[in-house]
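To get the working numbering, take the position in the sequence shown, counting from 1, and add 1497. Ideal Cβ positions, reconstructed from N, Cα and C, are used throughout, including at glycine.
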Amino acid sequence: MKILFLVYHGFSDYSGISKKIHYQVKGLRENGHDVRLCYYAFSPEGHRCRYIDGQVIQDYGKGRLAAVRQRVDYRCVYDYCLREGIAFVYARSFHNANPFLIRFFRRLRSKGIVAVTEIPTYPYDSEYTHDYGWSVRLGVFINKQYRQQLAQTMSAIVTFSDEQEIFGQQTIRISNGVDMDSTPLHPAFPQLSNPLHLIGVAEVHYWHGFDRLIAGLGVYYQQPSKVKRDVIFHIVGGVDETYMTGNSKQIGFQTLIDRYDLKDKVIFHGALFGAELDDVFNQCQFAIGSLGRHRSGITRIKTLKNREYATRGIPFIYSEQDEDFDHQSYVLKAPADESPINICDIIDFVDSQSWNPTVIRHSVDHLSWKVQMQKVVESVFPIHQLKD
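Written as structure tokens, this is what we have:
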């Protein structure tokens, strides 16, 4: 089957979202589908362009008019779908519903082309706080006005939540997947390592709740003790200044570091990928998932990060509900509240057994992107139709 995977933005080597999209495309191709990846990015000359598999299909030019055109003009994608015989469009929501996008998908449907939209996180309204600028808030407002109509142009909404219906449209519920080929296995863990190194990898937002872990370190180091295990927290990924100084959703990282004198206990590596990321992972014995999803109104979610940690074979902690991991022996659950994370609990958990990275990794074999993406295709198209 010919499939167009439609993304409304570009890619970055440092972005987990970018990696995920490429893994999804790979998973579809591993099932025998002919997949074309459509995305929007800047050309080397600074032009706003829409691409398919690296080839420009529309050059919108430069300036404000070009910025508007790329948001409203999808004729190049429509023409490509008809010309190339695309049967299925898999779109990844960018919270960008508008009348022009609705018209584009209605035209596809009138030609018999099936479409679904993936909403990576749901619900998501609480993610947009007053800390965002006016242009983002305007986009959010427009999206709210039209997302219900956009959903009705789809055959289904793909979600990683347990919701059976989103914006009045039926859902296809899958898990975030893993790609074994691209994720190295963690080396064997030393027993009772000192110091204990923790790692949190994210393009940091308030719902990651890393401030709870830093506050927990502060409480831990203030406790009177003659012999105290040294614990170091490595944060890998971009950290906006508002998360260092504090905002309406969380206390600032730097505020906590100064309050508890943790300057040598919290290390900010910035965005890393490839061998540099692997090097930091390999010195750590425990990983930090999301600790603040409750802040954005989410109780259940199947996050990509939990699956990446398990694929590497490292034990980890998180606070939401995730049915794929809630009962795994290598997972430590944190309460979904604002309390500081208990560092002694982490130490005891890490020391409680000998961790086998290979065993942890094999527990997510069924979560490969090949399996998860084929679930979507088979939910939309009858199996006999796929065989024809």
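Would you list, in sequence order, the uninterrupted beta strand (DSSP E) runs of no fewer than 3 residues that lie entirely inside the region 1722 to 1770?
1728 to 1733, 1763 to 1767
Give the range of the beta strand (DSSP E) segment to which residue 1556 is assigned.
1552 to 1558
Okay, do the region 1681 to 1696 and the region 1719 to 1730 touch, 3+ Cβ pairs below 8 Å being the bar?
yes
Here's the rule: buried if 16 or more other CB atoms are within 10 angstroms of the residue's CB, otherwise exposed. What is residue 1747?
buried
Identify the residues that DSSP records as bridge partners of residue 1536: which are they?
1548
In this structure, does DSSP put residue 1881 in helix, strand or coil?
The predicted position of residue 1881 is uncertain, since its pLDDT is 49 and thus under 50; a value taken from the coordinates is nonetheless stated next. Residue 1881 falls in the helix class under three-state DSSP.
What residue ranges within the region 1578 to 1633 form continuous beta strand (DSSP E) runs of no fewer than 3 residues, ordered along the chain?
1585 to 1589, 1611 to 1616
Taking residue 1788 and residue 1706 to be in contact with their CB atoms under 8 Å, please state how far apart those CB atoms are, rounded to whole angstroms.
3 Å
Just how far apart, CA to CA, sit residue 1758 and residue 1861?
Within the model, the alpha-carbon separation for residue 1758 versus residue 1861 is close to 39 Å.
Supposed contact pair residue 1873 and residue 1671 - C-beta distance, whole angstroms, cut 8 Å:
6 Å
On the DSSP bridge list, what partners appear for residue 1697?
Beta-bridge pairing links residue 1697 to 1732.
In angstroms with no decimal places, state the Cα-to-Cα distance between residue 1799 and residue 1805.
Approximately 11 Å between the Cα atoms of the pair.
Coarse secondary structure for residue 1660, derived from DSSP in three states
DSSP, read as helix, strand or coil, puts residue 1660 in coil.
In angstroms, rounded to a whole number, what distance separates the CA positions of residue 1877 and residue 1666?
13 Å
Using only CA atoms, which one of 1601, 1607, 1641 lies nearest to residue 1620?
1641
Indicate the three-state DSSP secondary structure (helix, strand or coil) for residue 1836 in the structure shown.
coil
Going by DSSP in three states, residue 1510 sits in which element: helix, strand or coil?
coil
Compute the distance between the beta-carbons of residue 1733 and residue 1702, then report whether it is under 8 Å.
no
Considering only C-alpha positions, which residue in the set 1797, 1591, 1501, 1811 is nearest to residue 1530?
1501
Cβ neighbour criterion (16 or more within 10 Å) applied to residue 1794:
Around the Cβ of residue 1794, a 10 Å sphere holds fewer than 16 other Cβ atoms; the residue is exposed.
So residue 1786 packs on residue 1827, CB below 8 Å; how close in whole Å?
Their Cβ separation, rounded to whole angstroms, is 12 Å, which puts residue 1786 and residue 1827 out of contact at 8 Å.
Residues that DSSP places opposite residue 1501 in a beta bridge:
1533, 1586
Relative to the C-alpha of residue 1618, which candidate in 1859, 1600, 1791 has its C-alpha closest?
1791
Which residues in the same chain have their Cβ closer than 8 Å to the Cβ of residue 1661, if we skip the five residues on either side of it in sequence?
These residues qualify, in order along the chain: 1667, 1668, 1670.
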